[in-house]
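Numbering (the working numbering), first residue to last: 27 to 432. The C-beta atom is built at its ideal place from N, Cα and C for all residues, glycine as well. Since we're looking at a predicted model, the values are computed, not measured. As structure tokens, the structure follows; a few thoughts come after it.
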């Protein structure tokens, strides 16, 4: 048999009428006419095999199922450390199946159909009624998928909004806590020192002509009684008195004064530690005058405080000295600001050897402040570690004397 005869036989076999309805089905008279013309065959059929159509439906069903059970709300509520990675994989997988199903429906609805002579459509099983049901089912599943996708988008939007809201709240809370931490830090360390610690991580500085005072309650031991509530009530009274001291720092005239620390019933402060603030003063000794005014204000504060005491009066000794010191911050986890130097030691000796209710200073300090204040010579006394020193007691401001004359 030659080649032409083989091709004719193959063509006749291919175009011969169907043996049964399951082998070849015509869905319309136009399809049958195209087939009978035996001109050409177009395999771009809008009617896909039933098995392939079932696969598309399965894609749709799987996509919908995964989108329902792996929606953002489900993932957020049920995710644990053990299955987070699995959920991250399954959620995109659901979208993949849903997308494949949707693309399949688009292809099914846009493939070229046989519309006239010269084209033949090959149909591979199934029947028209089943195809209609499949298309209806696909459309129904597509609508459900669209609804669930819309719901998922809404949930994702809500979750994103809630996440932004929570992040804003956390940020505001962090700012509040930071401000509180800075406030607490400023209470124990001067502001200008905190700024340098944040920049360099450490702080130490030498200062010239700094004023240092020790203010001590001389009879606190007589007041304190540990047998009464463990002494808590007496410490509360001491704390109230020190709070009255510190309230004076809020006044602008005392801006150059810093509280250093408290040692038992002794209060320590210094002036002139912030060089930038000193540079703004009209007189280089303004911070020294301010510290002396602070000592006078403390004496007045204690006098007022004693008026509220029942059958007891606190008495003070104040030691004042001027000189060079070194300031610094020690510690890492628990920072502590302090000052060191001979000036500090002498100031401590001035209060310990002082007179109740008076401010005692060294001879050098009295000379530096004599243009504003009147001092009286007390005596030459023995100072531990320093030998014999001439000391003076504050009388009053010279401005007050001038006002009395007027």
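- prompt: So, is residue 339 buried or exposed, given that buried needs 16 or more other C-beta atoms within 10 angstroms?
  reply: Taking all protein chains shown into account, residue 339 has fewer than 16 neighbouring C-beta atoms within 10 Å of its C-beta and is therefore exposed.
field: At least 3 beta-carbon pairs within less than 8 Å: the stretch 346 to 355 vs the stretch 363 to 383
entry: Here the stretch 346 to 355 lies against the stretch 363 to 383, with 3 or more beta-carbon pairs under 8 Å apart.
message: Looking at the strands, I want to know which residues DSSP matches up with residue 419.
response: The bridge partners DSSP lists for residue 419 are 386, 402.
task: Indicate the three-state DSSP secondary structure (helix, strand or coil) for residue 252 in the structure shown.
output: Coil.
- prompt: Using 8 Å as the threshold, is the stretch 312 to 330 in touch with the stretch 273 to 281, meaning 3 or more CB pairs across them?
  reply: Using a Cβ-Cβ distance cut-off of 8 Å, the stretch 312 to 330 and the stretch 273 to 281 are in contact, since at least three pairs of beta carbons, one from each stretch, lie closer than that value.
query: Excluding the five sequence neighbours on either side, which residues of its own chain have a C-beta within less than 6 Å of the C-beta of residue 379, listed in chain order?
result: The residues are 407.
task: Give the DSSP-derived three-state secondary structure of residue 198 in the structure shown.
output: Reduced to three states, the DSSP call for residue 198 is helix.
- request: Using the Cα positions of residue 174 and residue 195, report the straight-line distance between them to the nearest angstrom.
  value: Going by the C-alpha atoms only, they are around 31 Å apart.
query: Is residue 277 helix, strand or coil when you go by DSSP?
result: Assignment of residue 277 by DSSP, reduced to helix, strand and coil, places it in the coil class.
Counted within 10 angstroms of its Cβ, other Cβ atoms place residue 414 as buried (16 or more) or exposed: By the Cβ neighbour-count rule, residue 414 is exposed, with fewer than 16 other Cβ atoms within 10 Å of its own.
task: Taking residue 315 as the reference, give the member of 177, 197, 212, 395 with the closest Cα.
output: The option with the nearest alpha carbon to residue 315 is 395.
message: By the three-class DSSP mapping on this structure, what secondary structure does residue 236 have?
response: Residue 236: strand per DSSP, three-state reduction.
field: Whether residue 295 touches residue 285 by CB criterion (7 Å)
entry: Yes.
- prompt: Comparing alpha-carbon positions, which option in 333, 239, 336, 243 lies nearest residue 298?
  reply: The closest CA to that of residue 298, considering only 333, 239, 336, 243, is found on 239.
message: Considering only the alpha carbon of each residue, which of 242, 257, 398, 358 lies closest to residue 267?
response: Of the listed residues, the one whose Cα sits closest to residue 267 is 242.
field: The alpha helix (DSSP H) enclosing residue 323, as first and last residue numbers
entry: Unbroken alpha helix (DSSP H) run through residue 323: 312 to 333.
query: Any idea what DSSP makes of residue 293, helix, strand or coil?
result: In this structure, residue 293 counts as strand in the three-state DSSP scheme.
field: Collapsed DSSP secondary structure at residue 187 in the structure displayed
entry: Residue 187: helix per DSSP, three-state reduction.
- prompt: Can the beta-carbon of residue 402 be found less than 7 Å from the beta-carbon of residue 387?
  reply: With contacts defined as CB atoms closer than 7 Å, residue 402 and residue 387 fail to qualify as a contacting pair.
- prompt: If you drop the 5 nearest sequence neighbours on each side, which residues of the same chain put their C-beta closer than 7 Å to that of residue 135?
  reply: Note that residue 135 has pLDDT 48, beneath the 50 cutoff, so the model's placement of it is unreliable and the number below is only indicative. So no residue of the chain qualifies.
message: Please classify residue 335 as buried or exposed, where buried requires at least 16 neighbouring CB atoms within 10 angstroms.
response: Residue environment analysis places residue 335 among the exposed positions, since fewer than 16 neighbouring C-beta atoms fall within 10 angstroms of its C-beta.
task: Answer yes or no: do residue 423 and residue 399 have a C-beta to C-beta separation smaller than 7 Å?
output: Contact: yes.
query: Between the C-alpha atoms of residue 337 and residue 249, what's the straight-line distance to the nearest angstrom?
result: Take the alpha-carbon of residue 337 and the one of residue 249: they are about 10 Å apart.
message: Please classify residue 385 as buried or exposed, where buried requires at least 16 neighbouring CB atoms within 10 angstroms.
response: That one is buried.
task: Excluding the 5 residues preceding and the 5 following residue 230 in the sequence, name in chain order all residues of the same chain whose CB lies nearer than 8 Å to its CB.
output: For residue 230, where only same-chain residues beyond five positions count, the Cβ hits under 8 Å are 352, 353, 354, 355.
- prompt: Exposed or buried, which one is residue 306 when buried takes at least 16 other CB atoms within 10 Å?
  reply: Per the 10 Å Cβ criterion, exposed.
Chain B contact for residue 373 (CB, 7 Å cutoff): Structure shown: chain B not included; a single protein chain is present.
query: What are the boundary residues of the alpha helix (DSSP H) that includes residue 368?
result: 368 to 378 is the span of the alpha helix (DSSP H), which, as asked, contains residue 368.
task: Return the chain-ordered list of same chain residues with a C-beta closer than 7 Å to the C-beta of residue 223, the five sequence neighbours on each side being excluded.
output: 229, 355, listed in sequence order.
query: When DSSP builds the beta bridges, which residues end up paired with residue 287?
result: In DSSP, residue 287 forms a bridge with 294.
Rounded straight-line distance, which links the Cα of residue 257 to that of residue 263: Taking C-alpha positions only, residue 263 is separated from residue 257 by approximately 10 Å.
query: Among all the DSSP beta bridges, which residues are the ones paired with residue 364?
result: Assignment of beta-bridge partners to residue 364 by DSSP yields 354.
message: Taking the alpha-carbon of residue 445 as reference, which of 191, 344, 261, 375 has the nearest alpha-carbon?
response: One cannot answer for residue 445 here, as it falls past the ends of the chain, which runs 27 to 432.
- prompt: Since residue 16 contacts residue 325 with CB under 8 Å, what's their CB separation in whole angstroms?
  reply: A question about residue 16 goes unanswered here, because the residues of the chain that appear run from 27 up to 432.
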